[in-house]
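If you're matching positions, the sequence shown starts at 348 in our numbering and goes up one per residue. Beta carbons: idealized from backbone N, C-alpha and C, even for Gly. Given the structure is predicted, the values throughout are model-derived calculations rather than measurements.
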Amino acid sequence: MIQTMQQIATIAKMRTHINEARRQGKRIGIVPTMGFLHEGHLSLVKAAREKCDLIVMSIFVNPLQFGPNEDFERYPRNIERDREMAASAGVDLLFTPEVSEMYPKPILTNISVANVTAPLCGASRPGHFDGVATVVTKLFQIVQPDYAFFGQKDAQQVAVITQMVHDLSMPVQIVPCPIIREADGLAMSSRNVYLSQEERTQALVLSQSLKLAETWLDEGIALVEIKDRLIQKITEMPLASIDYVEILRFPNLEPVEQEVAGQAIIIALAVKFGKTRLIDNLITEIR
Ligand code: PAF
Numbered sequence: 348m349i350q351t352m353q354q355i356a357t358i359a360k361m362r363t364h365i366n367e368a369r370r371q372g373k374r375i376g377i378v379p380t381m382g383f384l385h386e387g388h389l390s391l392v393k394a395a396r397e398k399c400d401l402i403v404m405s406i407f408v409n410p411l412q413f414g415p416n417e418d419f420e421r422y423p424r425n426i427e428r429d430r431e432m433a434a435s436a437g438v439d440l441l442f443t444p445e446v447s448e449m450y451p452k453p454i455l456t457n458i459s460v461a462n463v464t465a466p467l468c469g470a471s472r473p474g475h476f477d478g479v480a481t482v483v484t485k486l487f488q489i490v491q492p493d494y495a496f497f498g499q500k501d502a503q504q505v506a507v508i509t510q511m512v513h514d515l516s517m518p519v520q521i522v523p524c525p526i527i528r529e530a531d532g533l534a535m536s537s538r539n540v541y542l543s544q545e546e547r548t549q550a551l552v553l554s555q556s557l558k559l560a561e562t563w564l565d566e567g568i569a570l571v572e573i574k575d576r577l578i579q580k581i582t583e584m585p586l587a588s589i590d591y592v593e594i595l596r597f598p599n600l601e602p603v604e605q606e607v608a609g610q611a612i613i614i615a616l617a618v619k620f621g622k623t624r625l626i627d628n629l630i631t632e633i634r
């Protein structure tokens, strides 16, 4: 389905469109992205189509959420390709502000969510979730969406944003959407493009070990043992270097003190293959 999509680069122009859409009583959905789109992003647009009359996709590589030694400069960008993909997927407004539009002056306001940001990527990437929460708040202020769509590959991000929206009574419903995988199981990510062929092959260990974890849970293996087995399996890959392998309660991301059947858990992995850090997870329950 190709339809007319408008690309908008300024906050003022976006507000004009949003005011008109609100006047017409449209339900507005936002799909926030950093671009270099893939099927995962398009699945969010598809989910948005089901609930919304107007879909805004933002493409903004947000400097606030990158650490000093991270990949902000080299993060993959291809706006022409993104524009075509977004239009074909049914995006109505593509918001593509420059950094100077979003942050014309050094930003002195920081949105910081406690507790859910402490483990996993919050521990490995200090300040990352402050950057995410701050830019998402700003996008919500600009677009005033009724719904916002996020992929569960970034499950901690979804937990952080859900907490923030609840705590600050933001009038938006967060819609988590399932992880989209390549045919061989690799979770889709804009960063997959960094991988050499060898790294990509070895990265399949992430989805494979999560599948194994599911069978180990079915067999009633204890979580500590499952964690050990996961570490062992991933370590068999010579190019893999583990950032974390964790099993936590979900969605509060607290330690599992006692294994209670039916309790929701997340098995979360962050592993570097060469220089590329990948994350993957499984949200499931204790048997
Ligand atoms: O998930 C992402 O791509 C980013 O963290 C987000 C939500 C667009 C904020 O920059």
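| Asked | Found |
| --- | --- |
| For chain B, check one thing: does any of its Cβ atoms lie closer than 8 angstroms to the Cβ of Leu441? | The question asks about chain B, but that chain is absent: this structure has only one protein chain. |
| Which of the three DSSP states is assigned to Lys619 in this structure? | strand |
| Would you check if the distance between the CB atom of Ala318 and the CB atom of Gln555 is smaller than 8 angstroms? | Beyond the ends of the chain as shown, which are 348 and 634, falls residue 318; an answer cannot be given. |
| Going by the C-beta, is Asn425 closer than 7 angstroms to any heavy atom of the ligand PAF? | no |
| Rounded to whole angstroms, what's the CA-CA distance from Phe383 to Ile458? Just pull it up for me. | 26 angstroms |
| Looking at the strands, I want to know which residues DSSP matches up with Val592. | Leu616 |
| What are the start and end residues of the alpha helix (DSSP H) that includes Leu441? | Note, Leu441: premise wrong, no alpha helix (DSSP H); beta strand (DSSP E) at 440-442. |
| So what does DSSP say about Val403, is it helix, strand or coil? | strand |
| Output the boundary residues of the beta strand (DSSP E) element that contains Ala461. | That residue, Ala461, is in no beta strand (DSSP E); it is neither H nor E in DSSP. |
| Pull up the distance between the alpha-carbon of Gly372 and that of Thr363, whole angstroms please. | 14 angstroms |
| According to the Cβ coordinates, are Val618 and Ile612 closer than 8 angstroms? | no |
| What are the partner residues of Ile377, as DSSP defines its beta bridges? | Val403, Ala495 |
| CB of Thr466 to nearest heavy atom of the ligand PAF: below 7 angstroms? | Rather than Thr, the amino acid found at residue 466 in this sequence is Pro. No, the Cβ of Pro466 stays beyond 7 angstroms of every heavy atom of the ligand PAF. |
| Is any non-hydrogen atom of the ligand PAF found closer than 7 angstroms to the C-beta of Thr380, if you look at the structure I gave you? | yes |
| Just how far apart, CA to CA, sit Met432 and Ala569? | 44 angstroms |
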